[in-house]
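So the structure is just underneath, and the comments pick up after that.
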Amino acid sequence: MARAPASLNARRNEARRIVAVASGKGGVGKTWLAITLSHALARQGKRVLLFDGDLGLANVDIQLGLMPEHDLGAVIAHGTDLDVAVTPVAATGFDVVAGKSGSGQLSSLSRQEVTGLRQGIIDLAPRYDHVVVDIGAGIDATQLILASAGGPALVVVTDEPTSLTDAYAFIKVASRLSPRPDLKVVVNMATTRAEGERTYATLRRACESFLKFSPPLAGIVRRDAKVKDAIRHQVPLLTRHPNADAARDVEALAAGLAPPP
């Protein structure tokens, strides 16, 4: 069998650097997890970009207490390159592309515009070891386009029945678009590790029964009151409470992410 051209392999490797953080529904801690995962990777010495792709309710900048000079709104409005919106965050050691907070401007982007953003993310990937993309909750075309940027998608779920149902729906739709979707599950806000494993087992059984495959478990993040405290103070958990249970869990998740080939 003929080998793929070297340039094609290089593009595939660059796309593998991209990790989407997705969920079937809101309220599962997806954005917080994307921020904390980015911070954990940066603390491992990785070059990291966090892209706020929640085009309807962007709030990465709010959770980090940032006031970026440029954001995605400016990129879309002026037709500038995406790298104009890259904001280094010295306190965390990773870069951020912020969304447009408090505005519905980006929620009505056309499919072509969202596809252009995805290509912009892919173009930025060679500069970094990891690009973490926080995509909006749900299974609309926007979420699926950004989730398919090239690397794995972490599907965040809690033990709530609605979260499990919507996570299954996300996995189902993704599997229709790709016969072997690169999906992994993260159970968030688990009371204990055992409870997190039971939550994953429920989702796994549904996937195996109806989809004939199940995404592997990437990690379990325990419920921790210190998470709410860090969000309230707009300070990353790994800065404010580096020894918290949830902090250690996300660091383990980051360590388990396979380096791009």
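All residue numbers for the sequence shown refer to full-length UniProt numbering, where the first residue is 1 and numbers rise by one. C-beta atoms are modelled at their ideal positions from N, C-alpha and C, and glycine is treated no differently. Computed from a prediction, not measured in an experiment: that's the story for all the values here.
- A check of alpha carbon separations from Arg205 across Leu183, Arg176 and Tyr168 identifies Tyr168 as the nearest.
- Linking Tyr128 to Val48 through their CA atoms gives a straight-line distance of about 6 angstroms.
- DSSP places Phe213 outside both helix and strand once states are collapsed to three, so it counts as coil.
- Asp54: not part of any alpha helix (DSSP H); DSSP gives it neither H nor E.
- Spatial neighbours of Arg43 in its own chain (CB-CB distance under 6 angstroms, excluding positions within 5 residues in sequence) are not present.
- Taking C-beta atoms as the reference points, Ala153 and Ala147 count as a pair closer than 7 angstroms.
- With fewer than 16 other Cβ atoms from the protein chains shown falling within 10 Å of its own Cβ, Val84 counts as exposed.
- Note on Thr192: under 16 other CB atoms within 10 angstroms of its CB, so exposed under the neighbour-count rule.
- A check of alpha carbon separations from Ala252 across Ala225, Pro181, Ala218 and Gly29 identifies Ala218 as the nearest.
- Taking one beta carbon from each stretch, the segment 60-77 and the segment 14-26 have fewer than 3 pairs nearer than 8 angstroms; the two do not touch.
- Under the three-state reduction of DSSP, Pro126 is assigned to helix.
- Across the set Asp52, Pro215, Gly79 and Ala125, the C-alpha of Pro215 shows the shortest separation from the C-alpha of Lys172.
- Exposed is the label assigned to Leu177, since fewer than 16 other Cβ atoms lie within 10 Å of its Cβ.
- For Ile220, the beta-bridge partners assigned by DSSP are Val187.
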